[in-house]
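Below: the structure, in structure tokens.
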Amino acid sequence: MGFFKKIAEKFKQGLAKSRENVMAKMGRLFTRGKIDEAFYEELEEILIAADIGVPTTLELMDELRREVKERKLTEAEQLAPLLAEKLTAMMSEREEEAELHLNPDGLSVLLFVGVNGVGKTTTIGKLAYLLKEQGKKVILAAGDTFWAGAIEQLQTWGQRLGVDVIHHQAGSDPAAVIFDAIAAARSRKADVLLCDTAGRLHNKVNLMQELSKIERVIRREVPDGPHEVLLVLD
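FYI, in the numbering used here the residues of the sequence shown are 227 to 460.
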């Protein structure tokens, strides 16, 4: 499992640098004195730069202004605990919203889509690892039949994780791969089937029709599926 430890460590290091940068700016801001318009503007800039998102930042700023007025706060340091409280509550809500929708009573089918080179196959491998750690039996479907390397890459993940990979040869009908994968998942009593697909742009009609066919096959074989369609972005 050294491979995954290295990935996790690099990810933590990257987050730590971003967090330290944001916290340093916050620290300077909250120790500088009065709550005034300049304070609000700088706080807004820090939150947006922290990638919280413009709509969320504006909503948060409105709430802070209202609380400051109601509580008659004047010093910037008085606002720090309030901001921490609201950010924590916001993150808890986002965590609940971000939960995967899995079928509690049978097979869950997750379909991964996106353009070329954004890391769909790698994302599938990482999610398979997490699901397996939770005690779920996972099967992978190599639905990217356009490029032989994608099939091999998914097989490599399967070998690392000790999970089955259902695949056909390159150039095969991807919908047929998914059909066989669903049958295999059921016969092997799998909990989750993760389906890879070839990269495609929304304006490529034939490729979008191919994706529609894959979805039709899933819906026909698993009436409440796919349980999630996950768009992978770079």
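Where is the CB? At the ideal position from N, CA and C, for every residue including glycine.
Would you please state the rounded distance, in angstroms, between the beta carbons of residue i and residue j? I believe it to be under 8 angstroms.
{"i": "leucine 308", "j": "glutamate 293", "result": "6 angstroms"}
{"i": "tryptophan 383", "j": "alanine 354", "result": "7 angstroms"}
{"i": "arginine 426", "j": "leucine 433", "result": "4 angstroms"}
{"i": "aspartate 390", "j": "arginine 414", "result": "7 angstroms"}
{"i": "threonine 283", "j": "leucine 273", "result": "4 angstroms"}
Would DSSP call residue i helix, strand or coil?
{"i": "isoleucine 365", "result": "strand"}
{"i": "isoleucine 278", "result": "coil"}
{"i": "phenylalanine 372", "result": "coil"}
{"i": "asparagine 247", "result": "helix"}
{"i": "glutamate 454", "result": "strand"}
{"i": "glutamate 325", "result": "coil"}
{"i": "leucine 333", "result": "coil"}
{"i": "leucine 212", "result": "A question about residue 212 goes unanswered here, because the residues of the chain that appear run from 227 up to 460."}
{"i": "lysine 298", "result": "coil"}
{"i": "glycine 240", "result": "Low confidence applies to glycine 240: its pLDDT is 46, below 50, so where it sits in the model is not reliable enough to give any reading."}
{"i": "valine 339", "result": "strand"}
{"i": "proline 449", "result": "coil"}
{"i": "arginine 426", "result": "coil"}
{"i": "glutamine 395", "result": "coil"}
{"i": "leucine 459", "result": "coil"}
{"i": "glutamate 441", "result": "helix"}
{"i": "glycine 228", "result": "With a pLDDT of 43 at glycine 228, under the threshold of 50, the modelled position of this residue cannot be trusted, and the question is left open."}
Residue j and residue i - do their beta-carbons sit closer together than 8 angstroms?
{"i": "isoleucine 404", "j": "isoleucine 365", "result": "no"}
{"i": "alanine 376", "j": "threonine 347", "result": "yes"}
{"i": "valine 335", "j": "isoleucine 408", "result": "yes"}
{"i": "glycine 369", "j": "aspartate 417", "result": "no"}
{"i": "isoleucine 271", "j": "methionine 287", "result": "Residue 271 is actually glutamate in this sequence, not isoleucine. It is not a contact, given that the beta carbons lie outside the stated cut-off."}
{"i": "leucine 337", "j": "isoleucine 261", "result": "no"}
{"i": "glutamate 303", "j": "threonine 257", "result": "yes"}
{"i": "valine 280", "j": "valine 458", "result": "no"}
{"i": "leucine 380", "j": "isoleucine 350", "result": "yes"}
{"i": "lysine 362", "j": "leucine 387", "result": "no"}
{"i": "alanine 424", "j": "proline 400", "result": "yes"}
{"i": "leucine 255", "j": "glutamate 267", "result": "no"}
{"i": "threonine 371", "j": "glycine 332", "result": "no"}
Tell me which residue opens and which closes the alpha helix (DSSP H) that residue i is part of.
{"i": "serine 413", "result": "400 to 413"}
{"i": "leucine 353", "result": "346 to 359"}
Could you give the first and the last residue of the continuous beta strand (DSSP E) run that contains residue i?
{"i": "isoleucine 261", "result": "From DSSP, isoleucine 261 is part of no beta strand (DSSP E); its letter is neither H nor E."}
{"i": "leucine 420", "result": "418 to 421"}
{"i": "valine 391", "result": "390 to 392"}
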